[in-house]
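Colleague:
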Amino acid sequence: MATHQITIAKASKNDFEKVYNLLSPMEELFNNRWSNEESWTEWDDDNEDKLELLAIRKEIAEEEYCDEDEVDNRLVLYEFIKRRMRLCGCSNWQRVVTAAECLIDIFCDPQESCLAWRPDLKRAMYNTMLGE
């Protein structure tokens, strides 16, 4: 009887960081931190995202030969997310998502809504600790 094996790439800390750097600003966008395309919420001057957004706004203004305040915020946000996506790359987010999905499918109780060991694994670990 043939056995089959699948190998799934392990997501690295760098993969997780790139995925967070992509998704965190997008979550902020959709949770209205950047309220709408005509106004910005006040941020600390040293906020890295703010500095990057301002630099993008300046680049677009220079490319379009216009004032920075004439640049549509939607273009700035699009460019910001596009750059983050480029840094994240396809393989980074796929490794993170696939690894998490596989680990959850293999080790977690499908009846629970949180990360909890499957009952058989929980019993096996308990029995191992008891020396059985």
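Numbering (this note's numbering), first residue to last: 2 to 133.
Glycine included, every Cβ here is placed at the ideal spot set by N, Cα and C.
Owing to the predicted nature of the structure, the values given are computational and were not obtained by experimental measurement.
(1) Please return the same chain residues whose Cβ sits closer than 8 Å to the Cβ of C89, not counting the five positions on each side in sequence.
(2) Suppose you measure from the CA of M130 to the CA of R124; what does that come to, to the nearest Å?
(3) For C109, which three-state DSSP category applies?
(4) Hey, out of W94, K59, C67, whose CA is closest to V77's CA?
(5) Is it right to say L52 is buried, meaning 16 or more other beta carbons lie within 10 angstroms of its own, or is it exposed?
(6) What residue range does the alpha helix (DSSP H) around R124 cover?
(7) Suppose contacts are defined by Cβ-Cβ distances below 9 Å. Is F81 in contact with D50 by that definition?
(8) Name the two residues that bound the continuous alpha helix (DSSP H) containing D68.
(9) With burial defined as no fewer than 16 other Cβ atoms inside 10 Å of the residue's Cβ, what is the status of P26: buried or exposed?
(10) Between the Cα of S13 and the Cα atoms of F108, M126, R96, E113, which residue gives the shortest distance?
(11) Are the beta-carbon atoms belonging to R119 and C103 less than 9 Å from one another?
(12) Reducing DSSP to helix, strand and coil, say where W44 ends up.
(13) Do you know offhand how far V98's Cα is from N15's?
Modeller: Considering the structure as presented:
(1) Translated into positions along the sequence shown, residue 89 becomes position 88. Counting only Cβ-Cβ distances below 8 Å, and skipping sequence neighbours, we find K19, V20, N22, L23.
(2) Position 129 of the sequence shown, counted from the first residue, corresponds to residue 130. Position 123 of the sequence shown, counted from the first residue, corresponds to residue 124. So the two alpha carbons sit approximately 10 Å from each other.
(3) On the sequence shown, residue 109 is found 108 positions in, with the first residue counted as 1. The answer is strand: DSSP assigns C109 an E or B state.
(4) The count along the sequence shown starts at 1 and reaches residue 77 at position 76. The shortest Cα separation from V77 among W94, K59, C67 belongs to K59.
(5) Position 51 of the sequence shown, counted from the start, is the residue given in the question as residue 52. Exposed is the call here.
(6) Locating residue 124 in the sequence shown gives position 123, counting from the first residue. Note, R124: alpha helix (DSSP H), 120 to 130.
(7) Residue numbering aside, residue 81 sits at position 80 when the sequence shown is read from its first letter. Residue numbering aside, residue 50 sits at position 49 when the sequence shown is read from its first letter. Cβ distance < 9 Å, so F81 and D50 count as in contact.
(8) Sequence index remark: in the sequence shown, residue 68 carries index 67 (1-based). Per DSSP, D68 belongs to no alpha helix (DSSP H) and is neither H nor E.
(9) Working through the sequence shown from its first residue, we reach residue 26 at position 25. Classification for P26: buried.
(10) Here residue 13 refers to the residue found at position 12 of the sequence shown. Of the candidates F108, M126, R96, E113, the one whose C-alpha sits nearest the C-alpha of S13 is R96.
(11) Mapped onto the sequence shown, residue 119 falls at position 118. Mapped onto the sequence shown, residue 103 falls at position 102. Not in contact: R119 and C103 (Cβ atoms no closer than 9 Å).
(12) Working through the sequence shown from its first residue, we reach residue 44 at position 43. Residue state, collapsed to three classes: coil.
(13) By 1-based counting over the sequence shown, the position of residue 98 is 97. By 1-based counting over the sequence shown, the position of residue 15 is 14. C-alpha separation (whole angstroms): 14 Å.
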